[in-house]
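This note's numbering puts the first residue of the sequence shown at 1265, with every later residue one more than the last. A virtual CB, placed ideally from N, CA and C, is assigned to each residue, including glycine.
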Amino acid sequence: MVTKMRIAVSVGRCSLAVGLILGIVLAQGCATPPKRQPPPADQYEQARIAGIPKARYWGDEVPPFAEDMAGMSPDELQTRYPALVNRPMTLLAISGGGSNGAFTSGLLNGWTAAGTRPEFSIVTGISTGGLIAPFAYLGPEYNEKLKEVYTTITNDDVFVERGVGGLIEIDAVADSAPLRTTIAKYIDGSVMQAIADEYRRGRILLIGTTNLDAARPVVWNIGEIAISGRPGALDLIRDVMLASASIPVAFPPQMFDVEIDGQRYDELHVDGGVTRQSFIFSFNVDDKALTERLSTVGQTRVFVIRNARLVPQWKAVERHVTDIASRSSSSMIRTQGIGDLYSEYAGATNWGFDFNYAYITSAFDPGVDDEGFNPEYMGKLYQFGYDLGRNGDPWLKAPPGLGPN
């Protein structure tokens, strides 16, 4: 019971250190995991998903689609990216945050009800944001599914506790098979086809993971996978979403088969939040020049949704290793998220884009248990986000301490 509660805290708020400590404790004396075949250290950057060479790219390098755009003629751009050429450009980034994803779910649906929600040109997601991103990308037609996911699921839909005697692999304290089943329930063949259709229009959907071997962010181009025609493409999309939300040690890392010069290897990927909490701009890319090449109409707008609070809440911490670890890691994740927010703000202002962000403010006081995936808590947070999107203007123009809000 104690273990399950600790896992729920870890999953619900991405408290990595709690899982780490529990993993060390539970792993003593257990069998070792099966042997891997990781890429050679001097070749790992060449690894590709078989049959889909542009399925993903390093998050700290230039995206392949940006390189393609830079080399295309106006006519080629119009043919390949009709939804981006001579159109408004709107970018959306959704952060991690476990069950706090109910905030984004409500905000998007309230935004739809207000009649002002735009069609997003590019949508990115990390962790719980990676689970939300496909629905945000596909638009209001998927609002009810999005609401259902973030108001009805419970811990049992996300993980199963592994007892000491039942551990097959000492790579996590919980089995995330239920989460994969939940993902498969909502991400089916029709959803993949809808993603493919939008990608052919030129709109882009990106989900972030962390390559554990390389300790680097990886960005997966979900549309590229969806149009590939590769057997197992749907399973690959589901695996990417699961990997993006696989909190290290709380959940098992996800293994991906890759190829280098015809030789097969494997990679381990975990929660994208390990390397960053949200992303929208790419390294070494002149985004202003790209929008000019695309003949963007009006000022490019950037929206960042942070599924967390920015201001720390006081909480008396018990003098116990798990409580200390939980509080310390949650504080680290909160400040990392704020740092990412500043980074996105800097990118937007550098290119002259309109920056907007929203987060869970102190006005939200659920009055119920917020540990794990509690439908009552998520329902209240969903409604809070919905009311902000429907009745007010939830968007702030600069991170704390920078410019007007």
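- The alpha-carbon of A1662 is positioned some 15 angstroms away from that of W1615.
- A contact between stretches requires three or more CB pairs, one per stretch, nearer than 8 angstroms, and the region 1365 to 1373 fails this requirement with the region 1535 to 1552.
- Per DSSP, W1484 is one residue of the beta strand (DSSP E) stretching across 1480 to 1485.
- Non-local beta-carbon contacts of M1642 in its own chain, meaning distances under 7 angstroms to residues more than five positions away in sequence, involve S1363, A1366, Y1414, T1415 in chain order.
- Of the candidates A1479, M1333, E1412, the residue whose Cα lies closest to the Cα of Y1646 is E1412.
- Counting only runs that start and end inside the region 1388 to 1461, there is no beta strand (DSSP E) element of at least 3 residues.
- Distance from the CA atom of A1330 to the CA atom of D1550, rounded to whole angstroms, is 9 angstroms.
- Where W1375 is concerned, the enclosing alpha helix (DSSP H) starts and stops at 1365 to 1378.
- From the listed residues T1560, T1599, A1460, the smallest Cα separation to G1537 is found for T1599.
- In this structure the region 1550 to 1569 touches the region 1344 to 1353; the number of beta carbon pairs closer than 8 angstroms is three or more.
- Counting the other Cβ atoms within 10 Å of the Cβ of Q1518 gives 16 or more, which makes it buried.
- With respect to the C-alpha of P1576, the residue from G1601, D1535, A1478, G1562 having the closest C-alpha is G1601.
- In this structure, Y1609 places its C-beta atom within 8 angstroms of the C-beta atom of L1666.
- Ranked by Cα distance from A1319, the first of S1492, R1465, S1385 is S1492.
- Remark: C-beta atoms of N1475 and V1482 approach each other more closely than 8 angstroms.
- In the three-state scheme derived from DSSP, where H, G and I count as helix and E and B as strand, G1472 is classed as strand.
- Buried is the label assigned to K1644, since at least 16 other Cβ atoms lie within 10 Å of its Cβ.
- Bounds of any beta strand (DSSP E) do not take in T1343; it lies within the alpha helix (DSSP H) bounded by 1338 to 1344.
- I1358 sits close to T1388, with the two beta carbons spaced by under 8 angstroms.
- Residues of the same chain with a CB within less than 6 angstroms of the CB of F1648, apart from the 5 flanking positions on each side, are F1628 in chain order.
- About 25 angstroms separates the Cβ atoms of G1636 and G1374, ruling out a contact at the 8 angstroms cut-off.
- Put simply, the region 1499 to 1510 does not touch the region 1328 to 1346. Fewer than three CB pairs are less than 8 angstroms apart.
- The beta carbon of Q1342 sits closer than 7 angstroms to those of V1349, all from its chain and outside the five residues before and after it, given in chain order.
- Its Cα nearest to that of V1534, the residue G1360 stands out among A1305, P1327, G1360.
- Burial check for P1303: the Cβ neighbour count within 10 Å reaches 16 or more, so the residue is buried.
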